[in-house]
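Protein chains in written order, with our numbering: chain U, 2 to 274; chain W, 121 to 653; chain Y, -9 to 279.
Note that beta-carbon positions come from the ideal geometry of N, C-alpha and C, so glycine has one too.
If you're wondering where the values come from, they're calculated on a predicted model, not measured in any experiment.
Each remark here refers to the structure printed beneath this line.
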Amino acid sequence: MIPSIKIARKYALSALLIGIFVIMATIPGYIAPYGPSERFGGYQTPSTAHIMGTDDMGRDIFSLLVHAARLSLLIGVVSGVLAIGIGVIVGLLSGWLGGIWDDIFMGLTDTVLILPKIPLIIVMAAYLEPGPKLLIVTLGLLSWESGARVVRAKVLQVRTMGFVLSARCFGFSSAYILSREILPVLFPVIVPKFVLVTASAMIAEASLSFLGLSDPTMISWGVMISDAFTHSGFIRHMWYWWLPPTLCIILGVCAITSIAFLYEGRTRELIQL
Amino acid sequence: MEIQKVKQKYISWSIGLSLLLILLVLGGGNVSASDNESKTLKIATANEIKSPSFLGDYNFELFQTISNSALLQMDENGNIIANLAKSWFASPDHTEWTFVIDDKYQWSDGTPLTPEDVAFTINYRGQLASSGWIGDTLVDTTTTDDSVTFIFNKPYSRLDFEFLSYSTIPKHIWESVSDPEAKTSNGPYVGCGQYYIKSVDVNSATLILEKNPYWKGEEPYYDTIEIHWFSNDNASSFALEKGEVDTYWRYASTYPYAAVSVLEQNNRFDIFQAPSIGFSFLGFNLLKGVGADLEFRKAVSSAINYEELMQITTLGYGSIPTKGFVPPSMPYYQEMPSLIYDPQAAEDILTAAGYIDSDKNGIRETPDGEELLVNLVIRQEYSREGKLVAEYLRDVGIQVNLKVVEVNTWYDLKDNYQYDLTITRTTPWGMLMHANWGTGYFDSRRTGQGVLHTDDNPAYLELCDAILATTDTNLLEMYAQEIQEYYAEYLPGVALYWKQDITPTNKDITGWYSTPFKGILNEISFMRIHPKT
Amino acid sequence: MMPGNPIVHLIGEDIMVTPELVEELTATLGLDKPLHEQFLIFIQNLAAGDLGYSYHLHAPVAELILERLPWTLLLVGTALLIGYSIGVLAGAYAGWQTKQKGAKALTFIGFIISCTPPYLLGLVLFSVFVYHLGWFPFKGLYTTPDLASIMWHMTLPIATLSLFIFARNLLIMRGSVLTEKHQLYPQFARSLGASKGFVLHRHVMKNAILPIITQFAIDFGFILSGALFIEIIFSLNAMGSLMYTAILNHDYPILSGLFLVIAVMAIGANILADVLYGIIDPRIWREMQ
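Here you go:
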């Protein structure tokens, strides 16, 4: 399929977005005019020295924004990877092995499904030490069940298909079949799940800071937003404090979604059997 | 086409819903429009009442100040003055206290108020957790026509102070209640001050006080006082700016400093400032670890950039404290040497005390050879102070592990001495309680939610006992000086900044009166406030 | 078990107590009994319908929950109804007519809302509609306990919550419809001459709606937590804030009671979902026979 100009433009935009965030996350020092701990006098409105003004401690908001990219994206992506990783393994085993394993795994999935996520996260954050590790582990461990379900459904569907049967005929081991034949088919199904988990992880991080249950020494977009609210940033109409991190979260999720859809575009031919 | 039909349905539904919405907005607004004929004062607060339990809910009790007058109250200078009791005195050994009741105060349901009610109140409170000490020490209560006498099994030189916080409750209502803290009711509650509590509703987040028809004193201007509480500060600030409420009050706290500038531009408010005797301070674990080393504490007190810290946390509505811990607005304040930011001095003291960075990694080692790592354990609300202090200490070679924990964990760690440094606050009451001048926070013999109980130095404890044993003002002045000198020399705690408490008030209302104990929420204030015209 | 001394928070910040008093209180509250004994007492009480007593709020847990449950149902239930119905319809449209501008706009909006932290959007709406426009009140479930006042107070919170549920369901439904669209059966129906709308409603929606039902079952179980931020922003006294303060106060009786309620609701909702599933997808009925 020859990509038209529209699609090429879409790819270029996505690539640009991803590129910007990757740079922000890996080498923030090059883009940010100041360090994350430098202080200049609080509550300054945007000026040439500080294009987004300063926060209550006097830190340059734009610099904070850039430095925050790393942790925010990390929390989002790693939670997603963890959740999808567990989900894929559980789903694969459940669908492939079937029988009692299926029952066990699905029972486990249902239990996790029923657990109310936000209260549990609040409880964990209240009783254990808050911070990025806790967030990643909690969110990863609570979000895998929908991924597991769709993976299992897909495996069940594909298990009886021609190419799998022929592979089994040839005597390939289960592990080989799972990884070479079935895994590629799963991508379009798990990719949207991955995006969902990532987005919800980044938002959960912001929500927890708002409730006062995160590590306030963290520099992340979520903490920036909640700082703005708890230090009168909202009342003082300092939209330049809380709006940029919000946009970053939205665009960050967009960027991750674009990677997903880019990949999906290539494999669409494969699954249209 | 099916799609067209769906679209049409969509459109008609949207129009219908929008109409409903408009009706709601217009109608709702009218339904809830305030009655302009009754004279109503509205107060916003952040102290939420969670349950309509008169004796059980902590925040509910705060608002009983004006409805169920305590025996005594505090004036703007911190002196204890008459309230329900028009005069009072103690026996020479301070085991017997007599209060003469002012007959201005009458119950709002017409029942006459007698000393029996006061006797009942204090004895009843002896059953409650928060005032259990009464149950332990009160041995007898006697009454006459106009007075009541309490007899204790040990001397209390500061009983008048303790009695500031106990609202008086009607005997004829409460004597039949078996579980006082569990009794909930939406009102009305019989009160004896200028006002009584008409209703409390946790669903509408409102507490309403009405004029007490049987009050025999000077009549206050306002017929009704409404207390509105909000779950988040942004909402209360918005309500204040819009003029939905006349003022903002929060126990032992200030209106958020950063939001004051918006009010100043608004031009609808007077910004009422009063020096607070509560403040934030850095506490040390005096019993084990580096906190026990006086030289370490001295070094820390020089390492903090007080000017910057004060500026960031109070936006200029504060001042740099002295080593004496006790702020200027407290009685018998003594000017102690100021706390000075001198990182070089801090480094010199540390080096001289044996904390040397031998491996040149930027972190000093203790004389035992271990890395000088301190645990700074704080609650979320002190994260700014915590971050800054951690940075200042790191700059002089002290490695800080900043642990932010939620409230109950903090109580746990603090009570079990599992920290090196902590940052917390004193409240006005906290500064005055026990033997006054902040001793409640350090005396190791008294536990409590907000106190550190870390100082077991016999000199300190003896001083506290001496204060508790006398009411002689000359002696007290001397003791006050000794306490402040002790603080300056031994530094059990380092005040981080002293502050003003800000109360924004409606420009059109005048007569506000502020006390160190409860700010503008006091009887004198409500007796005096009236519109300027 | 869980960290923290439950007694400490009962007393108050400015109060000092003697260690003896703390011991006395612990004994009165039965907290010095060994854990298994406490648990046994809990189960016994449960059988009698007694969910325990909260010493922080000075009321039986059952009473506390029952007082707030109707408000939570009003807030979350209405929002779920609105969010689901509009979201499903909009999502079906967006998924079916992906090329159209309207569909793209809807998807875009849904995406933006789903990526925004809920409390932020809530505060922005509060700022616009309550502060700037003055259309709605600043706090509370009502001013006076009558229908008009309740409706006036609850409209904005419900609308805010609905917005989130709408956005999320839009995306899920859209994805679901998209997946179904690529199946053989809708294309077959089209090839037989059926109109687009007909195919959408009669065939595709039934299949596409299945994930939504699963989602609804999950949501019903989360009826508490979803509204927590809304309750904080609009100062509403419902189950979300009850749970939040119970967690912070280590109020175990309330927490146990709440989790029990959640579990019951979640199980109930799942059973309902299974039934609905069976009704919509006859294949499942056949499988069961």
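### Message
With a threshold of 8 Å on Cβ separation, who are the neighbours of W/Ile200 within its own chain once the five nearest residues in sequence on each side are excluded?
### Response
Leu192, Gln193, Met194, Asp280, Phe281, Leu284
### Message
So U/Ser64 contacts chain W; which residues on that side make the cut at Cβ distance below 9 Å?
### Response
Going along chain W, no residue has its Cβ under 9 Å from U/Ser64, so there is no contact; the nearest lies around 16 Å.
### Task
Give the range of the beta strand (DSSP E) segment to which W/Pro569 is assigned.
Per the sequence shown, the amino acid found at residue 569 of chain W is Gln instead of Pro. First-last for W/Gln569: undefined, no H or E at that position.
### Query
U/Asp57 CB to nearest chain W CB: under 9 Å?
yes
### Query
Any idea what DSSP makes of W/Tyr633, helix, strand or coil?
coil
### Query
Is the beta carbon of U/Gly92 sitting closer than 9 Å to the one on U/Arg153?
yes
### Task
Return the Cβ separation of W/Gly409 and W/Ala372 in integer angstroms, given the expectation that the two are a contact with Cβ distance under 8 Å.
In fact, because the Cβ distance is near 30 Å, the residues do not count as touching under 8 Å.
### Message
According to DSSP, simplified to helix, strand and coil, what is W/Pro376?
### Response
coil
### Query
At a CB-CB cut-off below 8 Å, which residues of chain W make contact with Y/Phe249?
By Cβ distance, chain W contributes nothing, its closest Cβ being about 19 Å from Y/Phe249, past 8 Å.
### Message
Quick check on U/Phe235 - is its C-beta less than 9 Å from some C-beta in chain C?
### Response
In the structure shown, chain C does not exist; the protein chains are U, W and Y.
### Query
If you measure from the beta carbon of W/Ser351 to each beta carbon in chain Y, is any gap under 9 Å?
yes
### Task
Compute the beta-carbon to beta-carbon distance between U/Met203 and U/Val138, rounded to the nearest angstrom, for a pair I have assumed lies under 8 Å.
That belief does not hold up - the Cβ atoms of U/Met203 and U/Val138 are roughly 16 Å apart, past 8 Å.
### Query
W/Val220 lies in the beta strand (DSSP E); which residues open and close that run?
216 to 221
### Query
Applying a beta-carbon distance threshold of less than 7 Å, which residues of chain W neighbour U/Pro217?
Gln500, Ser503, Val524
### Query
Using 9 Å as the limit for Cβ to Cβ distance, is U/Leu116 near chain W?
no
### Query
Using a Cβ-Cβ cut-off of 8 Å (strictly less than) and excluding sequence neighbours within five positions of W/Val509, which residues of its own chain qualify?
Leu402, Ile424, Leu429, Leu496, Val520, Leu541, Ile543, Leu616
### Message
Below 8 Å on C-beta distance, what does Y/Ser286 contact in chain W?
### Response
Past the edges of chain Y, shown from -9 to 279, lies residue 286 of chain Y, and the structure says nothing about it.
### Query
Using CA coordinates, which residue listed in Y/Leu168, Y/His193, Y/Ile162, Y/Ser166 is at the minimum distance from Y/Tyr175?
Y/His193
### Task
Write down the C-beta distance between W/Phe416 and W/Gly613 rounded to the nearest angstrom, noting that I regard them as a contact closer than 8 Å.
That pair is no contact at about 14 Å.
### Query
Would you call the CB atoms of Y/Leu41 and Y/Ser246 closer than 9 Å?
yes
### Task
Output the distance between the C-alpha atoms of W/Asp563 and W/Ser211, rounded to the nearest integer angstrom.
27 Å
### Task
Kindly indicate if chain W contains any beta-carbon less than 9 Å away from that of U/Phe41.
no
### Task
Reducing DSSP to helix, strand and coil, say where W/Lys523 ends up.
strand
### Query
Does the Cβ of W/Ala419 have 16 or more other Cβ atoms within 10 Å, making it buried, or fewer, making it exposed?
buried
#### Entry: Own chain partners of W/Tyr502 with C-beta closer than 6 Å, once the 5 adjacent residues on each side are dropped
Ile543
### Query
Would the region 435 to 453 of chain W and the region 618 to 634 of chain W be scored as touching if the rule is three or more Cβ pairs under 8 Å?
yes
### Query
Nearest to W/Tyr341 by CA position, among W/Lys652, W/Thr653, W/Arg648, is which residue?
W/Arg648
#### Entry: Cα-Cα separation, U/Ala13 to U/Ile24
16 Å
### Pairwise C-alpha distance: W/Thr433 and W/Leu182
26 Å
### Query
Are there three or more Cβ pairs, one per stretch, closer than 8 Å when the region 174 to 194 of chain U is compared with the region 18 to 36 of chain U?
no
### Task
Would you tell me roughly how many angstroms separate the C-alpha atoms of Y/Leu168 and U/Asp56, rounded to the nearest one?
44 Å
#### Entry: Three-state secondary structure assigned by DSSP to U/Trp145
coil
### Query
Any idea if U/Tyr177 is buried or exposed, counting beta-carbon neighbours within 10 angstroms, 16 or more meaning buried?
exposed
### Task
Within the same chain, show all residues whose beta-carbon is closer than 7 Å to that of Y/Ile223, passing over the 5 residues directly before and after it, in chain order.
Tyr109, Gly112, Leu113, Phe116
### Message
Can you list, in chain order, the residues of its chain with a C-beta nearer than 8 Å to that of W/Glu485? Leave out the 5 residues immediately preceding and following it.
### Response
Tyr475, Ile476, Asp477, Ser478, Asp479, Glu491, Leu492
### Query
Would you say the region 334 to 354 of chain W touches the region 631 to 650 of chain W, given that touching needs at least three Cβ pairs under 8 Å?
yes
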